[in-house]
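Chains as they are written, first to last, in our numbering: chain E, 1 to 654; chain W, 1 to 203. Ideal Cβ placement from N, Cα and C applies to all residues, glycine included. Quick caveat, the model's predicted, so the values are computed rather than measured. These notes are about the structure you will find just below.
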């Protein structure tokens, strides 16, 4: 069912009776699944349950448009279930329901009539909670009072946060009336709305009905409405206000029976009402309204209330503007803090305009406290990465990711034997992403570091902080995913992060020395997700790539080499970049310190002189004296493997 | 006394009926009391002597219900008019938001009226309040008596109203002018709210 665009937080008048519910709903909308899950709102009819429920949906979608939000009344939910049963598609129904990121379920009191649905809802709630997905329910009574409700469901529904919404008080009623008349572009004479608010209504719908009646009365009569006429118009129609004094305790709201002929006392009250409306509600009323308004928005109004007691008339416009400016500053700071830590925006200092300085300091602390996750290593740039036939597919995939992060290949899974450039490519992608969007937070680290940080966070009781730290990243690049094996908690966290990232279309990339399916000890829910993106394999460098590597390595050490030397080194069997580097290092170590050129001879001596072969017998490294080089230039003349002592003795005995 | 409490959304007005003995202050309150609808009637406290002279003071709380969102209460007090009860008069006058001076229209009571008015001024001054800023109205009571016995409102105005206050001719016994007076003082008191301060300004 579609959300009704009229039901947003902006249109919800907040008062003392519903502040908690509204705050909880907003918190849930801002970070679904992470705070109050499930959130259970209950209230009598017409007090704004559905409004809040749908407002949660709107705000959540505004924040994260990729979220799957579903708003259903219980009846619709039941109908869908029944339809799926009829079509033999129950499993599809369950799967679909369980994949909802934010499920908004209205009017669950009707569960009492649908016993068969209770088990289904229990299963769904459990599944959604387990997957970190949010569920918000509304009802006209707390779960414990829903007749015949399964005990397990009662405890499950009560396990998150239960909030009730009470009937609006006078101030809230007045604020609602002001808003409703303003929405319709109608202006009421002074005192009329106050009178209507006094008459009272048990719910908001009734209040809106009053407004409609007044507007109709004004339109038909053409004249302006007085507070007394408004009261007469409304109380006449109130069933609780009979002409005769009611038996038993007098109803609270119709304070004065409407007189048949005006008596002196009523006339006096009327005069006082008019005078109060004209005087008390003059400058003080402007402040009073501002107090109601800002309190309604959840701000403390001590500063304004103090003005009401001042002896002299204060500079109202100036004071109100100053207050509004402070609120604006608080909002800005709260937004800034929320970017680092969504929960921090709920801090009390952001609700008190007297505490702007504290809010500023708090924001600074939040910003300091949340360091960004480890960035990619600057040294491993794309420019340095040596491309070739062996890694062509990987490089092309990486380019596609850099061009459209989070859109095309998400996740990108780079696999290949050790030393084929996986880590380099991963960091290179990270660096390119950071260059393209300097404000983006790129997390690039090894799975080992990821686990270590998680363990530290759990130790220090800062798990939430750790989660926030990674959640705020715009891309997560994890090296050596094979190290996740057997780390259940890490896998669990990564799974949640994975989902959050893919939902938000943030890029994920992993490297491992084997294919996802071969990652033993890693949960299938992760490996299947790894496979869901693009898996590219990097092969060991071929001869051309090795030649390029040798040239680069030598250039980095400011050494020149003749082509033969380079070719010689490139031709050596080396299955990784590290092996090539080892060869070059050995050659450089053998080089004449006075010379700046590496010759093929020097390379050959260095490589072949140091090479080791596997041996069944005792291996003894041979140190070849420099002077013997010409003699021992050929491998055939060198005995690499000495026989064992016993063998040798037998030989000698013979 | 705090006249308007915006935090508690309350308006409380203390109005004192002042005047010479037997000018009809208690009668004013009794008439007001008689007009209060049964379901809103509080208790009128009257401490009177056997001859119905006010011994200490009368107190009539009036709960006007919620007006513009404010729980509005008027507290009407009378003072004993006799000269020798001045200490009580001072006590009752403390924290008054408005004063109704009930003058006896009888010709022979003119001096008592003037004396009581002077006593009022003195008592107000003694409390450190600028009498010019304290909301006040004059009621010329007993206008129902034969003309030869009383002064006309104009004559009383000239004799007593040197501050150019609002005046109300009345016959408190039959209720004539009682509520007009009350409306008058209520309007004066409430109007002060728009000037930013509650009650009288201290000097």
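For residue 268/E, the chain W residues whose Cβ falls inside 7 Å of its Cβ are 179, 182, 183, in order along the chain. Judged by DSSP secondary structure, residue 98/E falls within the alpha helix (DSSP H) whose first and last residues are 90 to 98. About 5 Å separates the CB atoms of residue 67/W and residue 276/E; that is less than 8 Å, so the two are in contact.
One thing to note: residue 554/E has its Cβ within 8 Å of the Cβ of residue 598/E.
Straight across, the Cα-Cα distance linking residue 548/E with residue 577/E is about 11 Å. Between residue 84/E and residue 93/E, the CB-CB gap stays under 8 Å. In this structure the segment 349 to 368 of chain E does not touch the segment 393 to 400 of chain E; the number of beta carbon pairs closer than 8 Å is below three. The beta-carbon distance between residue 507/E and residue 481/E, rounded to whole angstroms, is 15 Å. This is too long to meet the 8 Å contact definition. According to the DSSP assignment, residue 194/E belongs to the alpha helix (DSSP H) that extends over 192 to 199.
The beta carbons of residue 397/E and residue 536/E sit closer together than 8 Å. Chain E has a Cβ within less than 8 Å of the Cβ of residue 36/W. Going by C-alpha positions, residue 268/E is about 41 Å away from residue 22/E. Within 7 Å of the CB of residue 263/E, the CB atoms of chain W belong to 35, in sequence order along the chain. Within 10 angstroms of the beta-carbon of residue 180/E lie 16 or more other beta-carbons, which makes it buried. Within the segment 55 to 80 of chain W, the residues whose Cβ lies closer than 7 Å to any Cβ of chain E are, in chain order, 64, 65, 66, 67, 68, 69, 70, 72. Listed as beta-bridge partners of residue 349/E by DSSP are no residues whatsoever. By the Cβ test, the segment 105 to 123 of chain W is in contact with the segment 4 to 21 of chain W, since at least three Cβ pairs between them sit closer than 8 Å.
Residue 105/E is positioned such that its CB atom lies closer than 8 Å to that of residue 135/E.
Counting only unbroken stretches of 3 or more residues, the beta strand (DSSP E) elements lying wholly within the segment 116 to 184 of chain E are 134 to 139, 161 to 165, in sequence order. Judged by DSSP secondary structure, residue 307/E falls outside any beta strand (DSSP E) and instead within the alpha helix (DSSP H) spanning 302 to 307.
For the alpha helix (DSSP H) assignment, the uninterrupted runs of no fewer than 4 residues enclosed by the segment 549 to 603 of chain E are, from N- to C-terminal side, 563 to 571, 577 to 590. Under the DSSP assignment, residue 141/W falls in the beta strand (DSSP E) whose first and last residues are 136 to 141. Around the beta carbon of residue 121/W, fewer than 16 other beta carbons lie within 10 angstroms, which makes this residue exposed.
When the Cα atoms are used, residue 192/E and residue 217/E turn out to be separated by approximately 13 Å. By the neighbour-count criterion, in which a residue is buried when 16 or more other Cβ atoms sit within 10 angstroms of its Cβ, residue 123/W is buried. Between residue 71/E and residue 142/E, the C-beta spacing is not below 8 Å. Look at the segment 98 to 131 of chain W: it has no residue with a C-beta under 7 Å from a C-beta of chain E. Residue range 422 to 436 is occupied by the alpha helix (DSSP H) that includes residue 435/E.
Judged by their CB atoms, residue 542/E and residue 418/E are not nearer to each other than the 8 Å cut-off. Here residue 161/E is near residue 36/E, since their CB atoms are less than 8 Å apart. Between residue 34/E and residue 504/E a beta carbon distance of about 14 Å is seen, past the 8 Å cut, so the two are scored as non-contacting. With a cutoff of 8 Å on beta-carbon distance, residue 148/E and residue 112/E are scored as near each other. Proximity of residue 191/W to chain E, defined by a Cβ-Cβ separation below 8 Å, is satisfied.
About 13 Å separates the beta carbon of residue 519/E from that of residue 490/E, a gap too long to meet the 8 Å contact definition. Judged by pairs of C-beta atoms under 8 Å, the segment 560 to 570 of chain E does not touch the segment 411 to 430 of chain E, as fewer than three such pairs exist.
Under a criterion of Cβ atoms nearer than 9 Å, the residues of chain W adjacent to residue 174/E are, in order, 69.
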